[in-house]
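First residue of the sequence shown: 1, per UniProt numbering; consecutive thereafter.
Virtual Cβ for every residue (Gly too), placed ideally from N, Cα, C.
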Amino acid sequence: MVEFDGVVKRFGATTVLDGLSFTAAPGEFVSLIGPSGSGKTTILRLLMTLERVSGGVISVGGEPLSHMRRGDRLVPADDEHLAAARRRIGMVFQQFNLFPNMSVLRNITEAPVHVLGLSPAEAEDRARELLRLVGLGDRCDEHPTRLSGGQQQRVAIARALAMRPDVLLLDEVTSALDPELVAGVLDLLGELARTTGITFLCVTHEMGFARQVSDRVLMFDAGRVVEEGPPEQLFSDPREERTREFLHAVL
Ligand code: ADP
């Protein structure tokens, strides 16, 4: 579902991703861990087309995200193709990024109506269903500012799901939450991972969560995957010294 093939990303003279290759299969939950500055957020930003690759190919669902085929050549994708690829991917951010002046329900119906072309009634039915799913069925008419951080993050998750993404990107989604609200959000994500068939790429410092929910964990350092494996193996018996050092520092 997601493939990075020799992806290079430079900012000026700095190489942030240095020929990165990895895949995530349909429905797989892949966690990206590693020290700050190792390139994890850059990977999500490339998938969101907020940045363009400097080299290599990213594909989503078999379609090149940053490039398109012209004859037997790959050329940079035009805006239309980028937008189409972009619609397959949803993202949940650290800071929720909800519209504060709209009701919870409107936060969720805006994009399905304006981007997917759903009728307002259809979008609203779906939004109510999603809000029930995330445990906020009774808060549809509230404004987000009246909700706790954990509830706001659950609205943001419902908003991402409303766009029916094939891939959901999670960027440190609990790091802005008070500690007592973290478990509720992580439980919800675990449930979605088990029940939806969506492919998840999750950048996280929550090692317990990564261990519990992931199918596979990728350990990054300096723009490369230094080790990958099933969570039990990577957390209990890491093969690489760099992974051992990192886990020792954070656990
Ligand atoms: P992580 O998410 O693992 O903490 P990032 O992907 O945020 O790492 O950053 C990787 C490296 O890329 C860092 O050294 C960061 O300073 C650099 N970087 C990220 N975005 C930019 C940018 N827009 N311009 C210049 N350098 C950047």
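Asked	Found
Which residue comes first and which comes last in the beta strand (DSSP E) that contains Met68?	His67 to Arg70
Taking the alpha carbon of Asp79 as the point to measure from, which residue in Thr49, Asp221, Leu147 and Thr15 has its own alpha carbon closest?	Thr49
Roughly how many angstroms separate the alpha carbons of Glu3 and Met163, rounded to a whole number?	21 Å
Count the CB pairs spanning the stretch 51 to 70 and the stretch 212 to 232 that are closer than 8 Å, and state whether there are at least three.	no
Keeping to the same chain, check which residues put their C-beta closer than 7 Å to that of Gly34; ignore five residues upstream and five downstream.	Lys40, Met219, Phe220, Asp221 and Phe246
Name the residue from Ile108, Val92, Lys9 and Asn97 whose alpha carbon lies nearest to the alpha carbon of Ile58.	Lys9
In this structure, how does DSSP classify Ile198 when only helix, strand and coil are distinguished?	coil
Out of Gln233, Val203, Arg239 and Gly208, which has the shortest C-alpha to C-alpha gap to Arg45?	Val203
Got a sec, what are the start and stop residues for the alpha helix (DSSP H) Asp79 sits in?	Asp79 to Arg86
Tell me whether Thr243 counts as near the ligand ADP, meaning its Cβ is closer than 7 Å to at least one heavy atom of that ligand.	no
CA-CA distance, Leu251 and Arg73?	47 Å
Is the beta carbon of Leu189 less than 8 Å from the beta carbon of Val213?	yes
Do you know how far the Cα of Leu131 is from the Cα of Gly61?	28 Å
Check whether the Cβ of Gly39 sits closer than 7 Å to any heavy atom of the ligand ADP, and report yes or no.	yes
What does the alpha-carbon distance come out to for the pair Arg242 and Leu32?	15 Å
Going by beta carbon distance, what residues of the same chain come within less than 7 Å of Asp178, once the five residues before and after it are set aside?	Gly149
Taking the alpha carbon of Gln94 as the reference point, which residue from Glu172, Pro76, Ala25 and Arg128 has its own alpha carbon closest?	Glu172
According to DSSP, is Val173 part of a helix, a strand, or is it coil?	coil
Please look up how many angstroms separate the CB atoms of Asp141 and Ser103, rounded, as I've assumed it's under 8 Å.	5 Å
Would you kindly work out how many angstroms separate the C-alpha atoms of Leu136 and Val75, rounded to a whole number?	45 Å
I want to check one thing, is the minimum distance from the CB of Val92 to the heavy atoms of the ligand ADP below 7 Å?	no
Less than 8 Å between the beta carbons of Asp237 and Met1, yes or no?	no
Can you check whether the CB of Leu186 is closer than 8 Å to the CB of Gly90?	no
Are the beta-carbon atoms belonging to Thr109 and Glu124 less than 8 Å from one another?	yes
Looking at the structure shown, is Arg154 part of a helix, part of a strand, or coil, going by DSSP?	helix
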